[in-house]
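Below is one structure; the comments refer to it alone.
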Amino acid sequence: MRFPPSLLDEIRARLPVSQVVARKVALKRAGRELKGLSPFKQERTPSFFVNDQKGSWFDFASGQNGDVFKFVMLTEGLSFPETVERLAQEAGLPLPAVDRTGGAREDERARLYALMEAALAFFEGQLAQNAQARRYLDRRGLSVDSIARFRLGYAPNPRFALKEHLAAAGFSTAEMAASGMLIAGDDIPVAYDRFRHRVMFPIRDLKGRVIAFGGRALDPDTPAKYLNSPETPLFHKGRELFGLWQVREAHQKIPRLIVVEGYMDVISLHQFGVPQAVATLGTATTRDHAEILFRQCADVYFCFDGDRAGRQAAWRAVDSVLPRMRDGRQAMFLFLPDGEDPDTLIRKEGTKGFEERLKNATPLSEFFFAEIGKDVNLASLDGKARLAERARPMLAQIPDGAFRDLMLAELDRLSGVRVQVAATAESSASRSGGARPPQRSLVRSAVALLVQTPGLAAAIEPPWTFAELRQPGIPLLIELIGLCRDRPEITTGALIEHFGERDETRSLQKLAVMDFPGGEDGAREEFLGALTQLEQQTMQQRIDDLLAKQNESGLADEEKDELRALLASRTSRA
């Protein structure tokens with residue numbers, strides 16, 4: 012069910028957060044905010060803060076935050092529609108007709124989730140009836156508990172077995188095709204089951220919902236030994252990890268994550284007492300994967316074959332991990348003996364042997380410099396220069412902090428070259444000046460100010476030239492500006508809730524409590540100043556692009572005119 016944003020904003024406007032929270036928490040004034048004891052954790056010192064101006068609450072004890080709706084849902088166990096209905100009645104607002112367009116979209120997704128669950132139940136039932144599939148799992152040494160925990164199944168061989176089962180359950184052919192369970196298309200007269208005569212591995216999202224499948228062929232002549240679901244409205248393989256749901260179920264606090272390459276590797280490690288294993292889904296480790304991994308815990312181990320292909324896969328993982336290596340995070344690389352994988356190794360050496368290998372895993376820093384300098388002669392000046400040039404763009408991706416400093420220091424030691432790299436957009440804008448405190452990056456400051464004071468978006472009119480700036484955070488800033496302009500009454504809490512479970516939510520939560528001196532007028536001035544500087548950076552980026560093109564292939568007449576105008580404008584602003 013989807014409610015109009017205007018209704019939700021009106022409820023927030025009529026019901027101060029403190030009024031709703033005060034029913035559960037005794038609040039006392041603390042400057043511009045109210046504070047009390049956390050309703051979610053046992054504590055003696057108040058760490059629960061309410062800010063009516065921002066329309067939000069933040070609980071430092073549990074790390075949770077939100078608006079009035081989130082608070083009622085968490086403390087009273089209500090669904091979102093139930094919460095809206097209760098608070099609308101309290102605010103004296105009638106419930107309008109539901110937005111059928113948005114409701115239809117949500118209904119479509121709910122139907123797809125139900126379809127995938129029905130498919131899984133079908134596959135589980137088929138496994139109980141197929142001796143060949145059960146023999147395969149038995150031969151691989153999987154216990155009954157492991158099969159049940161990961162809900163493994165079997166897709167029968169007939170072309171329309173699943174299709175007919177789902178049709179009987181009330182699902183349409185179009186829904187089956189949208190879920191990826193059928194192979195369909197204009198050149199295919201009759202859509203048929205994608206997975207046939209395969210052991211099935213369900214892939215779940217962080218809520219435990221089935222969103223896709225992986226299938227292992229039982230016929231040795233089948234061209235594709237493993238087959239995964241295609242991209243669907245529910246499934247994006249570059250952002251999902253097999254086994255992460257089971258890891259979260261096994262741990263209240265995840266101590267580490269071990270990234271392996273196969274379904275059987277994950278299940279075997281869990282079965283033999285290492286329940287922290289996950290796997291990418293037939294793709295290299297992406298930056299989205301890296302962020303998801305580090306959001307779960309600070310220590311991530313990547314487990315690869317020790318051959319050339321394995322080291323190449325590890326190097327691709329390094330490229331994805333470096334931009335996520337904030338201080339306190341640790342990435343390690345474990346390379347396995349020839350012919351071994353985690354499944355065979357833990358069965359051969361046991362949990363103790365595998366744990367010993369993890370203790371001796373190679374730190375990211377050590378692997379990075381070994382790999383990037385493997386064909387470089389550091390005894391020559393040319394070799395040292397080559398090493399510095401290779402490493403520079405990769406180290407520039409690391410967020411500002413101690414790890415970045417140490418990596419640059421090690422590069423200095425190896426190359427003898429004092430390497431300077433630009434600060435990332437996520438890090439401090441400047442670190443020079445001795446004891447001068449670090450400055451916030453422009454993008455980060457602009458986003459934080461907008462999250463805390465959404466009304467600032469009304470002060471700027473499109474077009475926003477800085478949308479073309481190639482910096483992390485710019486797409487988020489543009490999205491926030493558009494959201495705040497479309498919904499002028501939106502509060503900080505409502506804005507964060509809008510992002511739901513997206514990757515940006517945690518960062519927005521932190522930015523919502525970032526301290527800015529100067530009050531409302533100061534916030535407006537700093538926000539507009541940051542945008543002005545971003546526009547100047549965008550202009551310089553375009554100048555650099557044109558100059559580079561001029562050196563490589565020359566410019567068209569209109570590009571020459573554009574370059575002259577930009578240079579003149581830059582000079583006039585200097």
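For any residue, its number in this note's numbering is found by taking its place in the sequence shown, counting from 1, and adding 11.
The beta-carbon is built from N, C-alpha and C at its ideal position, and this holds for glycine as well.
Throw me the rounded Cβ distance for the residue i and residue j pair, which I believe falls under 8 Å.
i, j, result
"Y237", "V270", "Wrong, their Cβ atoms sit about 17 Å apart, outside the cutoff."
"T502", "G164", "Contact flag wrong, Cβ pair sits at about 46 Å."
"L453", "A541", "5 Å"
"V95", "V31", "Incorrect: roughly 13 Å between the Cβ atoms, too far for contact."
"S29", "D63", "5 Å"
"D204", "F171", "6 Å"
"L587", "H509", "Given that the chain is displayed from residue 12 to residue 585, the structure contains no residue 587 and the question cannot be resolved."
"V462", "L506", "6 Å"
At the level of alpha carbons, what is the spacing between residue i and residue j?
i, j, result
"P374", "R151", "32 Å"
"F80", "R498", "18 Å"
"D572", "E546", "20 Å"
"S439", "D411", "Reliability of the predicted coordinates at S439 is poor, the pLDDT of 37 falling under 50, and the value obtained from them is presented with this limitation in mind. Rounded to whole angstroms, S439 to D411 spans 6 Å at the Cα level."
"R575", "D393", "38 Å"
"P486", "R250", "18 Å"
"G254", "A579", "57 Å"
"R424", "A402", "13 Å"
"E569", "L126", "55 Å"
"R298", "R40", "43 Å"
"P16", "V458", "21 Å"
"L229", "H208", "6 Å"
"C314", "T86", "41 Å"
"M550", "F14", "41 Å"
"L72", "P50", "Inspection of the sequence shows that residue 72 is occupied by Ala rather than by Leu. Going from the Cα of A72 to the Cα of P50 covers about 9 Å."
"L138", "Y274", "17 Å"
"F206", "A166", "6 Å"
"R447", "G47", "Caution applies to R447, whose pLDDT of 35 falls short of 50 and renders its modelled position unreliable; the value that the coordinates give is listed next. Distance between the alpha carbons of R447 and G47 is about 36 Å."
"R327", "D354", "23 Å"
"Q482", "R335", "15 Å"
"M211", "V155", "15 Å"
"D555", "W475", "20 Å"
"G219", "A129", "14 Å"
"R455", "H176", "51 Å"
"L245", "T464", "33 Å"
"L252", "D78", "30 Å"
"F414", "A372", "18 Å"
"P473", "G339", "40 Å"
"E537", "G74", "28 Å"
"P200", "L480", "47 Å"
"G533", "L460", "10 Å"
"A325", "T296", "9 Å"
Which residues mark the beginning and the end of the beta strand (DSSP E) in which residue i is found?
i, result
"Y67", "A quick correction: the sequence has Ser, not Tyr, at residue 67. That run of the beta strand (DSSP E) goes S67 to D70."
"G77", "Q75 to G77"
"F344", "Q341 to L347"
"V61", "F59 to N62"
"R498", "No beta strand (DSSP E) holds R498; DSSP gives it neither H nor E."
"E44", "E44 to G47"
"A41", "K39 to A41"
Go to residue i, then tell me how far its alpha helix (DSSP H) extends in each direction, as first and last residue.
i, result
"G504", "T503 to H509"
"R455", "L453 to Q463"
"S29", "V28 to V32"
"L419", "A413 to S426"
"V332", "R319 to V332"
"P16", "P16 to R25"
"V36", "Element bounds for V36: n/a, residue is neither H nor E."
Excluding the 5 residues flanking residue i on each side, which residues of the same chain have their C-beta closer than 8 Å to its C-beta?
i, result
"E21", "A102, L104 and E500"
"T243", "L123, A189, S190, G191, I222 and A223"
"P348", "G317 and L356"
"L18", "V95, A99, L104, L106 and P107"
"V285", "I269, I357, T362, F365 and E366"
Taking 7 Å as the limit between beta carbons, can you name the residues of its chain near residue i, skipping five residues before and five after?
i, result
"T543", "none"
"V387", "G394, R397 and L398"
"F380", "E421 and L425"
"D118", "none"
"I194", "A202, Y203 and R205"
"R215", "V221, I222 and W256"
"A24", "E500"
Which residues in the same chain as residue i place their Cβ atom closer than 6 Å to its Cβ, once the five residues preceding and following it in sequence are excluded?
i, result
"I489", "A478"
"A342", "V311, V332 and L375"
"F378", "F344"
"K248", "L292 and T294"
Discussion item. If we require 3 or more residues per run, which beta strand (DSSP E) segments fall completely within the stretch 140-227?
Written reply: Fully enclosed beta strand (DSSP E) runs of 3 or longer: 164-166 and 209-215.
Worksheet item: Where are the beta strand (DSSP E) runs, 3 residues long or more, that stay fully inside the stretch 228-312, in chain order?
Response: 237-239, 268-271 and 288-290, all fully within the stretch 228-312.
Worksheet item: Which whole runs of the alpha helix (DSSP H) in the stretch 365-406 are 4 residues long or more, in chain order?
Response: List check, alpha helix (DSSP H) in window: 375-383 and 392-406.
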